[in-house]
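Encoded as C-alpha cells, the structure appears first; notes follow it.
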Amino acid sequence: MTEVGKLSQLRRLGILKLRKEDGKSLCLSLKKLTNLRALSLTSIEEEEPIDLQHLSSPPLWIQRLYLRGRLETLPHWIPSLHGLVRLFLKWSRMKDDPLVLLEKLPNLVDLELLEVFEGDTLRFRTGGFKRLKLLGLDQFSELRCVEVEKGAMPCVEKLIIQRSESLKKLPVGIEHLTKLKMLEFVDMPEELIETLRSDEKGSDYLKVAHIPEVYFTYWREGVWEVNSLECLLEGENSPRPSIPLRRPMMKFQTHWK
C-alpha cells in the first residue's frame, strides 16, 4: 500500500481485496494523493472491515467515492469532502444513522446505500442534502420507517427503495419531495403497495399523486417485471409497455470512472 502514495498525479484509484490490517498504510498513501478525483475500495469479503479512521487529511478534491466493506462507523473525514458528487456505500452495516453526517455534504447529487444501516428508522432532516437528485436505499433489513422532514432533499428527482422486507409503509413526509419525478419500489412487501390503493380507507395515494412515475418491480420467473402505479389502480398486472423488463438500478457498481 505504501507504493500507492508515490503516484502523486493519480486521479482515479480502485483497490480490491482489502484487509483491515491494510488500513493504516492505505491511509498514509491516500493522504499524499492530492489530485485524486475518484476512489473505489472493496474489502476481501463482505464481513471484512475497511479501516479508514487513520486518514487525518483526505484528498479534498474527491468527487466520487465507492466503499464496499464493513465500516462500523462512518469515516470522520467524509463530511469534509465538499466536492463529493457521488457516494456509494455497500456492506457498511453501521449501528448509527449515517445520514446525520452525510446530509451536510453540500454538493452531493447521487447517494446509493446498500446494507449500510442496521437501525429501524432513517430520518432525512430539514435542510439536509440540498443538491441531492438521486437516492437509492437497498437491503435495509431492519428498516421499518423512513421519515422525510419538510425542507429535506429539496432537489431530489429519483428515489429507489428495494429489498427492505421490514419496510411496509410509505416514507413519512414523501409529499414534501415536490420535485420527485420517479419513485420505484423493487422487491418490496405487498403491504406497502396496498397502502397506495386509492379505494382503500386511509390510502396513501394522495401523498404520491404529484409524482409522474411510480413503479413496482419484482423478480419473477427469471425476469424483472415492472408495473406502474397507474396500472395498479386500473387493476392491471401487465408490465408497463414502454419500458422493457430490466434489472434494478442499485446493481453492484463496476463502472465508476
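Be aware that the sequence shown starts at 0, since it is given in numbering that gives the first Met the number 0, and climbs by one per residue.
Cβ atoms here follow ideal geometry from the backbone N, Cα and C, with glycine treated the same way.
Looking only at C-alpha atoms, which of the options sits nearest to residue i?
i, options, result
"Arg-122", "Lys-132, Glu-102 and Val-145", "Val-145"
"Val-213", "Glu-46, Leu-205 and Glu-220", "Leu-205"
"Glu-174", "Asp-186, Met-152 and Ile-61", "Met-152"
"Thr-41", "Leu-17, Gly-4, Glu-141 and Leu-228", "Leu-17"
"Leu-110", "Leu-136, Ser-91, Thr-120 and Asp-119", "Leu-136"
"Glu-190", "Leu-83, Thr-177, Ser-202 and Lys-149", "Ser-202"
"Pro-57", "Glu-102, Arg-67, Leu-25 and Glu-46", "Leu-25"
"Met-0", "Leu-179, Asp-21 and Leu-32", "Asp-21"
"Leu-179", "Leu-66, Ala-208, Thr-194 and Ile-192", "Ala-208"
"Leu-101", "Leu-73, Thr-120 and Lys-31", "Leu-73"
"Pro-97", "Glu-46, Phe-139 and Lys-132", "Phe-139"
"Leu-35", "Val-3, Pro-105 and Gln-52", "Val-3"
"Ser-7", "Gln-62, Lys-23, Ser-28 and Glu-148", "Ser-28"
"Glu-45", "Ser-55, Glu-148, Glu-71 and Glu-229", "Glu-71"
"Trp-218", "Glu-233, Met-187 and Lys-157", "Met-187"
"Phe-116", "Leu-86, Lys-31 and Met-93", "Met-93"
"Gln-52", "Lys-23, Arg-63, Lys-31 and Leu-66", "Lys-23"
"Val-108", "Thr-125, Lys-167, Asn-226 and Leu-134", "Leu-134"
"Leu-104", "Leu-83, Ser-91 and Lys-149", "Leu-83"
"Leu-232", "Arg-196, Thr-33 and Asn-226", "Arg-196"
"Leu-142", "Lys-168, Trp-76 and Arg-67", "Lys-168"
"Trp-76", "Arg-69, Leu-64 and Arg-124", "Leu-64"
"Ile-14", "Gly-68, Leu-54 and Glu-229", "Gly-68"
Under a Cβ-count criterion, where at least 16 other Cβ atoms within 10 Å of its own Cβ denotes burial, should residue i be classed as buried or exposed?
i, result
"Gly-127", "buried"
"Gly-221", "exposed"
"Val-185", "buried"
"Leu-59", "exposed"
"Pro-211", "exposed"
"Lys-89", "buried"
"Thr-216", "buried"
"Pro-170", "buried"
"Leu-80", "buried"
"Arg-85", "buried"
"Ser-39", "buried"
By DSSP's criteria, residue i is part of a beta bridge. Which residues make up the other side?
i, result
"Cys-26", "Answer is none; Cys-26 lacks a bridge partner."
"Lys-103", "Answer by DSSP bridge pairing: none, since Lys-103 is not bridged."
"Val-225", "Thr-216"
"Glu-111", "Phe-87 and Gly-135"
"Cys-144", "Thr-120"
"Arg-69", "Pro-48"
"Leu-182", "Leu-158 and Val-213"
"Arg-196", "According to DSSP, Arg-196 bridges with nothing at all."
"Arg-11", "Ala-37"
"Val-207", "According to DSSP, which records beta bridges pairwise, Val-207 is partnered with nothing at all."
Tell me whether residue i sits in a helix, a strand or coil according to DSSP, three-state version.
i, result
"Lys-31", "coil"
"Lys-16", "strand"
"Pro-153", "coil"
"Ser-39", "strand"
"Pro-58", "coil"
"Leu-191", "helix"
"Leu-64", "strand"
"Pro-74", "coil"
"Val-3", "helix"
Suppose you measure from the CA of residue i to the CA of residue j; what does that come to, to the nearest Å?
i, j, result
"Ile-43", "Lys-5", "24 Å"
"Arg-162", "Ile-49", "24 Å"
"Val-99", "Ile-192", "29 Å"
"Ala-37", "Pro-78", "16 Å"
"Lys-132", "Thr-120", "21 Å"
"Lys-31", "Leu-9", "10 Å"
"Thr-311", "Lys-19", "Since the displayed the chain opens at 0 and closes at 256, residue 311 lies outside it and no answer follows."
"Glu-183", "Leu-158", "6 Å"
Using a C-beta cutoff of 8 Å, does residue i count as contacting chain D?
i, result
"Val-108", "Reference to chain D is not applicable here, since this structure consists of a single protein chain."
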